[in-house]
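Enquirer: Mind having a look at this structure? Questions to follow.
Residue numbers (this note's numbering): 1190 to 1253.
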C-alpha cells in the first residue's frame, strides 16, 4: 500500500513528548503519530472501514 507523505510542523516540546512515548512503545515517531490519529478518528466515528489495523509495536517477525 502506498503511503501519503505529509509535511508536519510541530512544537518541539510536543514532538519530544511524542518521541518519548513512541520509544516507550517501541514505535517510530511517525508510527506513533499515525496511531494517535487513527485512535482519534476511531473515537470520533470517522475512521474509514477499509483501513487495516496498526501493526503491533516493534520489529516485524522474520518470515522463514
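Each residue gets a CB set at the ideal place from its N, CA and C atoms; glycine is no exception. In this text the structure is predicted, and so the values were computed from the model without any measurement.
1) Looking at the structure shown, is residue 1234 part of a helix, part of a strand, or coil, going by DSSP?
2) In the DSSP assignment, the alpha helix (DSSP H) including residue 1212 goes from what residue to what residue?
3) Among 1203, 1191 and 1240, whose alpha-carbon lies nearest the alpha-carbon of residue 1221?
4) Since residue 1218 and residue 1233 are thought to touch, with beta carbons under 8 Å apart, how far apart are those beta carbons, to the nearest angstrom?
Expert: So, from the listed chains and residues:
1) coil
2) 1201-1213
3) 1203
4) Going by Cβ atoms, the distance from residue 1218 to residue 1233 rounds to 23 Å, so no, they are not a contact pair.
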